[in-house]
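For the record, the sequence lines run as chains A and B. First residue of the first sequence: 9, per my numbering; consecutive thereafter. First residue of the second sequence: 17, per my numbering; consecutive thereafter. Where a beta carbon is used, it is the ideal one built from N, C-alpha and C, also for glycine. This one's a predicted model, so the numbers in the text were calculated from it and none came from an experiment.
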Amino acid sequence: MRKTMLTRLAVVALLTIAISVGCPLGLEAAAGGGATLTMMYPPPRALPPANDPIKAELESKLGVTLRVINPPLEGYLEKINIQVASRDMPDIFTCPWQNDWRQFADEGAIVPLDQYLSGLTNLSKLPKADWDKVTYKGKVYAVPVGGFRNFAGLFVRKDWLDKLGLPIPKTMDEMYTVLKAFTENDPDGNGRPDTYGLTAQTSGVDGSCFQWVFGAHGSMHSSMRSIYAVARDGAGVVDMNLNPANAQALKWLNRLHVEGILDPEWVVNTPDQIYMKLAQGKVGCIWYTWNLPYVLDTRFKLKEVDPEAQWIEIKPPVGPGGASSLGKEQGLVSVIMVSSSCKNPRLALEFLDYIAGEEGKRLVNYGIEKRHYNYINGELVFTDEGKQDWISHYAILKVGFDSDFWTSKYGMYGKILENLALNMPLTADAADGVVTEAKKKYDADLIAYVNEMYCRFITGEEPISNWPNFADTARKRYHADEIRDSVVQALKRTGVVK
Amino acid sequence: MSTRTILGRSDRAFDVSIYVVLVMVAVVGLYPFLHVLLVSVTAPETLIRRGTGFIWPGKMTLEAYREVFGSEAIRRALLMSIARTVVGTAVNLTLTTLTAFPLSREALPGRNVFLTLIVFTMLFSGGIIPTYLLVARLKLVDTIWALILPTAISPYYLIIMKNYFEGLPEELYEAASMEGASELQILTRVILPLSRPILATLGLFYAVYHWNAFFDAMIFINDRSKYPLQVLLREIVVQGNVQDMMGDRVIFGQNMKMAVIAVTTIPILVIYPLIQRHFAKGITLGAIKG
């Protein structure tokens, strides 16, 4: 009995070992004898099927074998760092723009691209300003990925506005009235005071979830890093997180908090909680990612839960001084780098140049003509197969905002993105992507302090009258001045500031 | 007599209170699982209408499971996880036994040197980058062996097993060798049949480790078709919590997340009752009676 059980176990174990050795878990042999290009980037919306026709098409066009590595987004940077440290790198890899990709140049893990770029006409058409941003120590070290100015929108419940007989708010005063009515006038008609005017999610936002409030007061805020603007009156470069105008914006938000209009959980909301609250009809307004209505409709079945519910994007309301801004203008999205272990950097850039051109752009974004998309009367129409998300798997380099793509693929939701990307007032960070030693050293602590104090100002734990103390502490104890001075130096070198 | 009845009563009261407390503890422990299961079979609309908290699915639906098992990636990852757990545990047990047995024999020359070297690795390790370099140079990246060989022997479990072997009566060895058995025969014919509790216990520990591991797979595996389930689970459950301003990620509904958690948790849970018999014996090791 014992013996049989043991032998059986041993047989099973040996068999499994044998099977797994035999089955293709080992290294893949590169198909064909041609060049191979290994690329690593976080996985996009969906992954291609096994017999991916677009990959085959790309490979035959360029005469290379493509090998794509898509590690999970969580842990992507960890994976890059380990591979860079071990010098076991893919040929091409991407890095989110706000991360310190320049360290890879310092470590000699990526190669300068200047000598390989000549004659690549599609890449040379990328905006000069973008190329400037990826120039480091006088050399181009990466291919800039831009293409979007903005992904976020200010959304309100249109059906609640209609029900309460309120117009779409255009000024901050009207906005206040609307949010107050959303809270107090029972917009969902269930007879209970269980709604909030406004909610927010602070985590993961590059910029500020209340940027539209700061924008209405002619200012900016970022909860991720110090941001700057060049003052028009010649006052130099201003650290916008410490801009006195922000005190007025915080005062406006504090009023919402005190009157119970602002969801008290705004500091700790996770995306899951946000979607739940919105799908349950607990909140009437939020600044969020462009695809909010899409996610609510498809994943949270909003149309079935509440057929009346209608979320629309609105222009950011105008403040007392006539200013308005929806958010921080997106600089670059990411950068694409060529590693020093790449045998043929020119080939890597030729691939990028191809997908930056018209033919390549269509192939990697739309798919194969006739199979995935058609032009009907000059209009882009996706087939059912072409509507699948994986189609744009290889579109690592986006050039400009492609309205056709978004509206054909996502219908009315794509229209929302188009509106947000093209028609909204935005504010730019004058020092977007500038990294200095002082910034590396002090910025994280400074921002932690700024975030804490902003939160206290909004909740009223700290009276707004303490703003001068706060700004003073940030400047002196948290080195805000030192960071700003280093940034000014950097901006002078690039000619942004005289 | 009367004192005995009174004692009996208070004993019974004590017993009852023990049961009440333990049932409450069990409910606290089981509720999360129950919640996961209930949410996974609840229609998203119901979930949204009722809110979080205790949910009794009004309208049951297996839609989430259909989506989970309909996904080729998840099916493949499930197979990969099973392969990793089975092969990995087999390798673990084989190598741990083959190392622990000689180390448990006093006759082994340099026994303490070997033991010191092994214990040293419990306290100090090369770190992730040297480990990666080693795995990469051995050409193990993207193979199942990258997940199995670096953790083939856990020093901690090795010592437990060595101590277990040492606890077996010396007379067994003497008797066996008198009969003319070689060391290998002693191991396979005499020691292993007596070691089922420890094999089951350590096998379970190793299996649970393999089933739950995700970090090594994320680092050593590049080909997504070779990812184990845990990596995908993390992507589905954790990644939804990272807002991506491009809106370029798929957002999963709550029921889908819970269905994936259920699919990931249940297989390993099922193993427990199967080897619980040995498990209870093995964990109280040293309690062996001669």
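*CB contact below 9 Å: Ile344/A versus chain B*: no
_Neighbour-count burial assignment, Val485/A, 16 or more Cβ in a 10 Å radius_ = Correcting the residue identity first, residue 485/A is Arg in this sequence and not Val. Burial call: exposed.
*Going by Cα to Cα distance, which pick from Lys423/A, Tyr204/A, Tyr450/A is closest to Ser234/A?*
Checked all of Lys423/A, Tyr204/A, Tyr450/A; the closest Cα to Ser234/A is Tyr450/A.
*Would you give the residue range spanned by the alpha helix (DSSP H) that Phe117/B belongs to?*
88 to 120
*Where DSSP assigns a beta bridge to Gly335/A, which residues make up the other side?*
Leu434/A
*Per-residue contacts from Glu367/A into chain B (C-beta, under 7 Å)*: None at all; the shortest Cβ gap to chain B is about 24 Å.
*Is the CB of Ala516/A under 9 Å away from at least one CB in chain B?*
Outside the displayed span of chain A (9 to 506) sits residue 516/A, for which this structure offers no information.
*asked:* Residues of chain A with CB closer than 7 Å to the CB of Asn238/B, please, in chain order.
replied: Ile77
_Buried or exposed for Ser400/A, going by 16 or more other Cβ atoms inside 10 Å?_
With 16 or more other Cβ atoms within 10 Å, it is buried.
*Just checking my contact of Leu264/A with Gly197/A at CB under 8 Å: how many whole Å lie between their CB atoms?*
With a Cβ gap of about 23 Å, Leu264/A and Gly197/A do not count as contacting.
*Assuming Ile322/A contacts Leu162/A (C-beta within less than 8 Å), just tell me the rounded distance between them.*
6 Å
*Which chain A residues are close to Leu149/B, counting only those with a beta carbon under 9 Å from its beta carbon?*
Listed by position along chain A, the residues whose Cβ is nearer than 9 Å to that of Leu149/B are Ala93, Ser94, Arg95, Asp96.
*State the beta-bridge partners of Lys147/A as determined by DSSP.*
BP columns for Lys147/A point to Tyr144/A.
*Neighbouring residues, chain A, relative to Ala229/B (Cβ below 7 Å)*: Within chain A, no residue comes near Ala229/B; the closest Cβ sits about 13 Å away, beyond 7 Å.
*Could you give the distance in angstroms between the alpha-carbon of Ala150/A and the alpha-carbon of Lys395/A?*
Ala150/A and Lys395/A: Cα-Cα distance of roughly 31 Å.
*How would you list, in chain order, the residues of chain A whose beta-carbon sits under 8 Å from the beta-carbon of Val254/B?*
Glu82
_Selected residue, minimal CA-CA separation from Leu208/B, among Thr110/B, Ala123/B, Ala168/B_ = Thr110/B
*Tyr283/A to Leu304/A span [Cα, whole Å]*: 7 Å
*Nearest-angstrom Cα separation, counted from Val276/A out to Val258/B*: Note that Val258/B scores a pLDDT of 47, beneath 50, so its modelled location is shaky; the value from the coordinates is reported in the next line. Approximately 13 Å between the Cα atoms of the pair.
*Hey, how far is the Cα of Val43/B from the Cα of Ala216/B?*
28 Å
*Should Phe30/B be labelled buried (16 or more other beta-carbon atoms within 10 Å of its own) or exposed?*
exposed
*Can you tell me which of Pro104/A, Asn89/A, Lys378/A, Trp295/A puts its alpha carbon nearest to the alpha carbon of Pro98/A?*
Asn89/A
*For the region 256 to 281 of chain A, enumerate the residues whose C-beta is nearer than 7 Å to any C-beta of chain B, in chain order.*
Thr278, Pro279, Asp280
_Residue interval of the alpha helix (DSSP H) (run including Leu286/A)_ = 279 to 287
_Considering only their Cβ atoms, is the gap separating Met248/A from His225/A smaller than 9 Å?_
Going by C-beta atoms, His225/A is not nearer than 9 Å to Met248/A.
_Counting only C-beta atoms, is Glu337/A closer than 9 Å to chain D at any point?_
As a matter of chain content, chain D is missing from the structure shown, whose protein chains are A and B.
*Report, in whole angstroms, the separation of the C-beta atoms of Leu8/A and Asp412/A, which I expect to be a contact under 8 Å.*
Residue 8/A is absent from the structure shown; chain A starts at 9 and stops at 506.
*In its own chain, which residues sit with a C-beta less than 6 Å from the C-beta of Met234/B, not counting the 5 before and 5 after it?*
Val247
*Out of Lys369/A, Cys293/A, Arg379/A, Pro175/A, state which residue places its alpha-carbon closest to the alpha-carbon of Gln209/A.*
Cys293/A
*For Ile90/A, decide whether its Cβ has a neighbour in chain B, counting only Cβ atoms nearer than 9 Å.*
yes
*What's the gap between the Cα of Val36/B and the Cα of Tyr47/B?*
16 Å
*Exposed or buried, Tyr383/A, counting other C-beta atoms within 10 Å across all chains shown (16 or more means buried)?*
exposed
*Out of curiosity, what's the CA-to-CA distance linking Gln219/A and Lys336/A?*
7 Å
*Among Leu66/A, Phe222/A, Cys103/A, which residue has its Cα nearest to the Cα of Tyr49/A?*
Cys103/A
*Compute the distance between the beta-carbons of Cys217/A and Trp295/A, then report whether it is under 9 Å.*
Contact check for Cys217/A against Trp295/A passes: the beta carbons are separated by less than 9 Å.
_If you measure between the beta carbons of Phe390/A and Lys369/A, is that distance less than 9 Å?_
No, they are not a contact pair.
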